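Just so you know, the protein sequences line up as chains A and B, in that order. Anchor point for the first sequence: position 103 equals 110 in my numbering, and the numbering is continuous, going up by one each time. Anchor point for the second sequence: position 46 equals 53 in my numbering, and the numbering is continuous, going up by one each time. Glycine included, every Cβ here is placed at the ideal spot set by N, Cα and C. Model, not experiment: these values are computed from the prediction.
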Amino acid sequence: MSDDMVLREDAPRLSSAYQSWYRFSRNPTAMIGLVIVTVCVLAALLAPWITPYPDHIGAVVNFRARHLPPSTEYWFGTDNVGRDIFTRVIFGFRVSLLLAVVVLGTAIPIGTILGLTAGYFGGWVETVIMRFTDIALAIPPLVMALAVAAVLSPDLVNSMLAIAALWWTWHTRLIYSITRQLRAREFVEAAETLGASKFHILFREILPNCVSAIAVKTSLDCGFVILVGASLSFLGLGIQPPTPDLGTMVASGSAFLPDYWWESVLPGCAILFIALGFNLLGDGLRDLYDVENVR
Amino acid sequence: MNARQSPLLEIVDLAKTFPVYNAFGSRVGEVTAVDHVSFSIRRGGVYGLAGESGSGKSTIARLIMGLLTPTGGDVLLAGSNITGTLGTRAHSRQVQMVFQNPGSSLNPRRTIGQSVAVPLEAHGHPRADRRRRISELLEMVQLPASFAERYPHELSGGQKQRVAIARALAVAPQLVVLDEPTSALDVSVQAKVIDLLTSLGRQLDLTYLFISHDLSLMRNFADEVGVLYRGRIVESGPTAKVFEHPEHDYTRLLIASVPVISAEEEALRPKIPLIDGEIPTAEKLLALRESQRTIEVPKRT
Numbered sequence: 008m009s010d011d012m013v014l015r016e017d018a019p020r021l022s023s024a025y026q027s028w029y030r031f032s033r034n035p036t037a038m039i040g041l042v043i044v045t046v047c048v049l050a051a052l053l054a055p056w057i058t059p060y061p062d063h064i065g066a067v068v069n070f071r072a073r074h075l076p077p078s079t080e081y082w083f084g085t086d087n088v089g090r091d092i093f094t095r096v097i098f099g100f101r102v103s104l105l106l107a108v109v110v111l112g113t114a115i116p117i118g119t120i121l122g123l124t125a126g127y128f129g130g131w132v133e134t135v136i137m138r139f140t141d142i143a144l145a146i147p148p149l150v151m152a153l154a155v156a157a158v159l160s161p162d163l164v165n166s167m168l169a170i171a172a173l174w175w176t177w178h179t180r181l182i183y184s185i186t187r188q189l190r191a192r193e194f195v196e197a198a199e200t201l202g203a204s205k206f207h208i209l210f211r212e213i214l215p216n217c218v219s220a221i222a223v224k225t226s227l228d229c230g231f232v233i234l235v236g237a238s239l240s241f242l243g244l245g246i247q248p249p250t251p252d253l254g255t256m257v258a259s260g261s262a263f264l265p266d267y268w269w270e271s272v273l274p275g276c277a278i279l280f281i282a283l284g285f286n287l288l289g290d291g292l293r294d295l296y297d298v299e300n301v302r
Numbered sequence: 008m009n010a011r012q013s014p015l016l017e018i019v020d021l022a023k024t025f026p027v028y029n030a031f032g033s034r035v036g037e038v039t040a041v042d043h044v045s046f047s048i049r050r051g052g053v054y055g056l057a058g059e060s061g062s063g064k065s066t067i068a069r070l071i072m073g074l075l076t077p078t079g080g081d082v083l084l085a086g087s088n089i090t091g092t093l094g095t096r097a098h099s100r101q102v103q104m105v106f107q108n109p110g111s112s113l114n115p116r117r118t119i120g121q122s123v124a125v126p127l128e129a130h131g132h133p134r135a136d137r138r139r140r141i142s143e144l145l146e147m148v149q150l151p152a153s154f155a156e157r158y159p160h161e162l163s164g165g166q167k168q169r170v171a172i173a174r175a176l177a178v179a180p181q182l183v184v185l186d187e188p189t190s191a192l193d194v195s196v197q198a199k200v201i202d203l204l205t206s207l208g209r210q211l212d213l214t215y216l217f218i219s220h221d222l223s224l225m226r227n228f229a230d231e232v233g234v235l236y237r238g239r240i241v242e243s244g245p246t247a248k249v250f251e252h253p254e255h256d257y258t259r260l261l262i263a264s265v266p267v268i269s270a271e272e273e274a275l276r277p278k279i280p281l282i283d284g285e286i287p288t289a290e291k292l293l294a295l296r297e298s299q300r301t302i303e304v305p306k307r308t
């Protein structure tokens, strides 16, 4: 077969996005992850309209309805002041997702820029950035959050700050190692000999090849950030009542275990549900990109 | 025709050594990759640089492109010394390179059009004219302009190498370094790519430095050759002369290693003494000659 026969100009072709979607949709666990994440995000966005008692997110007190078990009226039961736990869980998704979006929205650009710079330029630039990253990695996130909560005050913004202040390190290390491998590839050298600027090489040649790894890491990280955020609020260092937060709900409900088990177990299951969704989605994306890289 | 005869590229005493480090990171010696090589390419000519793997061919290409810094010697382009500007944007306007493997020299995540646009962006080609120029370049290498929307994995090896050629020619360079441009391609495709390079060379008045281990391709394509062995040019001259009357044993060995099909070709093949019943390696052959001292190794400057 001659060279020009391989692909004719008018040969039918599927878009690569469609091919990727087809392979992704054949992976059952990845699809479960996607469905869970979609459900959580939609529920969070539409919370005021789909929840039965949207006013229960505030400091509402209804002692006649306290500690009610799950029923058709209160799907997840009620808490110690008589608020609907289902409503508060859905609104809790809002806080969790907001936390994940803000933390990753700051950590990913910072980590990406530092990782690209260190990996491409090498030398003393690499030494400075990567040693600083190593130092930041050595600080336990909970200790950092304790320090931030002690110096400032324990609330949503400060717990975001505390998590984001350390989260960029993982992205820096990831992008750094990918950039190190890509730097030696011929297409980077080709761009150099073509006269392309350093900015072009970093952001137009190397970065597009990091996108799949960033997507996988982001999805997996969403789950972790939500877990860390929930741990912080469980310890009382994060979001303060009455704002509905999954970690805080587990903590306040735990005082009434095991009699009123739904007050902490069901919000706990909600944390499990959303974190599991992001992890399955991330694993699915990783399988997808592994296949594409082998091709 | 004086300008035609004057050399476009002159390589003077070019040298490159790489330091060797031990496991503890201290320097224990050095490897000489390019050992004081000198040659020149006339304007509009095709200079073939032949040699086996590890002979320093690709290192010379990378030195000329500024991907490596020479440890000694000079590079002259059209009479002016450009050693200090190797690898700069000004340099890339005059000298371009086609890499060995188009599968890795094109970014897998960027479309063909985006890849071809890189030199246009880098050298300030007017934005409004870029699409037209990309189509023109693709058509110049006999690809349909619609390929600009495709990704490299949708193209065959030969098509990808044509894209790499189009990209190298985008800024109308004077010299194009071809680093084994066909060795990653099927034999049937190799000839087409070489034909394309020949016609583009004539059309655009290009000067080529053609680096290859494939002597039969070199014989057809280059009008002057230099044979590189262990970082030195052991023989050089017009292609016909070197192939018909090779003076150096290493050159003979290389030519004798080319597979032949017809009896006529077999008759033209230089005779190499067999060691232990097989064609010897370069090291063995040269050691044997050294001990016999039957032929003086021609010393060239």
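Can you find a CB in chain B that lies within less than 8 Å of the CB of residue i?
i	result
A:Glu304	Nothing about residue 304 of chain A can be read from this structure; chain A reaches only from 8 to 302.
A:Ala203	yes
A:Leu14	Residue placement at A:Leu14 is flagged as unreliable, the pLDDT there being 49, under the threshold of 50; a coordinate-derived value is accordingly withheld.
A:Ser23	yes
A:Val301	Since pLDDT at A:Val301 reaches only 49, below the 50 mark, its modelled position is unreliable, and no value is offered.
A:Ser9	Residue confidence for A:Ser9 is low, a pLDDT of 45 falling below 50, so the modelled location carries little weight; the figure read from the coordinates is stated next. Answer yes: the Cβ-Cβ gap between A:Ser9 and chain B drops below 8 Å somewhere.
A:Asn216	yes
Give the residues of chain B in contact with residue i, contact being defined as C-beta atoms less than 9 Å apart.
i	result
A:Glu196	Arg69, Met72, Leu74, Met104, Phe106 and Ser112
A:Arg192	Ser111, Ser112 and Asn114
A:Glu212	Asn114, Arg116, Arg117 and Val125
Using a Cβ-Cβ distance cut-off of 8 Å, determine whether residue i contacts chain A.
i	result
B:Arg116	yes
B:Pro26	no
B:Val125	yes
B:Arg309	The structure shown does not extend to residue 309 of chain B, since chain B spans only 8 to 308, so no value can be given for it.
B:Arg134	no
B:Tyr158	yes
B:Arg34	no
B:His130	yes
B:Arg174	yes
Going by DSSP in three states, residue i sits in which element: helix, strand or coil?
i	result
A:Asp11	Note that A:Asp11 has pLDDT 47, beneath the 50 cutoff, so the model's placement of it is unreliable and the number below is only indicative. DSSP places A:Asp11 in helix when its eight states are reduced to three.
B:Arg34	strand
B:Ala198	helix
B:Gly208	helix
B:Thr76	coil
B:Gln103	strand
B:Arg49	strand
B:Thr24	strand
B:Leu216	strand
A:Leu287	helix
B:Ile89	coil
B:Leu15	strand
B:Val232	strand
A:Thr85	strand
B:Leu295	helix
A:Leu53	coil
Using a Cβ cut-off of 9 Å, pull out every chain A residue sitting near residue i, in sequence order please.
i	result
B:Asp99	The sequence shown places Ser at residue 99 of chain B, not Asp. Per Cβ cutoff of 9 Å: Glu199, Thr200, Leu201, Gly202 and Ala203.
B:Arg96	Gly202, Ala203 and Ser204
Would you mind stating whether residue i and residue j have Cβ atoms separated by less than 8 Å?
i	j	result
B:Gly164	B:Ile141	no
B:Phe46	B:Ile89	no
B:Gln103	A:Thr200	yes
A:Asp162	A:Gln247	yes
B:Val44	A:Ala203	no
B:Thr214	B:Phe228	no
A:Ser226	A:Phe285	yes
B:Glu191	B:Val123	At residue 191 of chain B the sequence reads Ala, which differs from the Glu that was named. No, the Cβ-Cβ distance between B:Ala191 and B:Val123 is not below 8 Å.
A:Ile170	A:Val68	no
Name the chain B residues whose beta carbon is nearer than 8 Å to that of residue i?
i	result
A:Glu270	Correct list: empty, because the minimum Cβ distance to chain B is about 49 Å.
Under 8 Å: do the stretch 39–52 of chain B and the stretch 102–117 of chain B share three or more Cβ pairs, one atom per stretch?
no
Name the residues in the stretch 130–144 of chain A whose C-beta lies less than 9 Å from a C-beta of chain C; which are they?
Of the chains in the structure shown, none is chain C; the protein chains are A and B.
Any chance the stretch 151–161 of chain B sits against the stretch 182–199 of chain B, with 3 or more Cβ pairs inside 8 Å?
no
On the three-pair Cβ rule with 8 Å, is the stretch 149–169 of chain A touching the stretch 234–248 of chain A?
yes
Does the stretch 82–98 of chain A come within contact of the stretch 128–135 of chain A, defined as at least 3 CB pairs closer than 8 Å?
no
Segment contact, 8 Å Cβ cut-off, at least three pairs: the stretch 169–181 of chain A with the stretch 110–120 of chain A
yes
The stretch 220–240 of chain B contacting the stretch 51–59 of chain B, beta-carbon criterion three pairs below 8 Å
yes
With three or more beta-carbon pairs closer than 8 Å as the criterion, would you say the stretch 22–31 of chain B touches the stretch 63–82 of chain B?
yes
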